[in-house]
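The block underneath contains the structure these notes are about, expressed in structure tokens.
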Amino acid sequence: MPKKLNVGLGFDIDKLTNSIENVVTGDLFQTEVSVFTARDLAAVTGQRGWEFDWKAEFDNPGREVYKLWIIHNEQVIQGLLSIEIKADHIYMHLLENAPFNRGSRKMYAGVAGNLVAFACKRSFHLGFEGYVSFLSKSKLVAHYEATLDATHVGGRVMIINTESALKLTGKYFKSE
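Counting from 23, one number per residue, gives the positions in the sequence shown under our numbering.
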């Protein structure tokens, strides 16, 4: 199966939650984001339903890859995020929900929002005032404006500014 080229991020912000939410029961599950490791690579292949080449992201020295998981269940990756630290902001290269968190039969809502909030948090920690940028697929520009309060700055470039980043990090990282 050929891997998709990065022609803009196409993740769906299905719901902004306080963690991630089981779509059937409505139960909330607290999550953690940690560094993706070489041991995680076997779990995120195309054969297992992942769309992007996470080994290439992991091997890229200019990228940081993170995984989202439910507390007490680190072995099951809920979603992945690849970022690059720029001079004054974080750039999101890839974001992908686990195969079981996509489509009409997804298990958990809030995964993508959680990962974007983490990118904002990382930006704050690096002194970038929460600024995050990414390329959007054209058809999703309005979606990201509405759900993430991202600003469309031209072409397919989207920016999350300090105010929007504070909202996202406040939603997902209340206790920090």
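Backbone N, C-alpha and C define an ideal beta-carbon position, used for all residues, glycine too.
Touch test, the stretch 103-120 against the stretch 142-157, Cβ-Cβ under 8 Å, three pairs minimum: With three or more CB-CB distances shorter than 8 Å, the stretch 103-120 counts as touching the stretch 142-157.
Cβ contact check for the stretch 56-67 and the stretch 81-91: 3 or more pairs under 8 Å: Yes: at least three Cβ pairs fall under 8 Å.
8 Å contact criterion, which E43 and A131 should meet: CB distance rounded: Along the sequence shown, read from residue 1 onward, the residue named residue 43 stands at position 21. Along the sequence shown, read from residue 1 onward, the residue named residue 131 stands at position 109. About 5 Å; that satisfies the 8 Å criterion.
Proximity to K196 [Cα-Cα], best of G177, D171, K143, E96: What you label residue 196 is simply residue 174 of the sequence shown in a count that begins at 1. For the residues G177, D171, K143, E96, the minimum Cα distance to K196 belongs to K143.
Cβ neighbours of Q52 in the same chain (closer than 8 Å, five flanking residues each side left out): For this step, residue 52 is matched to residue 30 along the sequence shown. Only S41, I92, I93 meet the Cβ criterion.
8 Å Cβ cutoff met for L50 and K193: Mapped onto the sequence shown, residue 50 falls at position 28. Mapped onto the sequence shown, residue 193 falls at position 171. Remark: C-beta atoms of L50 and K193 do not approach each other more closely than 8 Å.
Local conformation of S186 per DSSP, three classes: As a position in the sequence shown, residue 186 is number 164, starting the count at 1. Here DSSP, grouped into helix, strand and coil, assigns S186 to helix.
Buried/exposed call for S145, threshold 16 Cβ in 10 Å: Residue mapping note: residue 145 aligns to position 123 of the sequence shown, counting from 1. It is buried - the Cβ of S145 has at least 16 other Cβ atoms within 10 Å.
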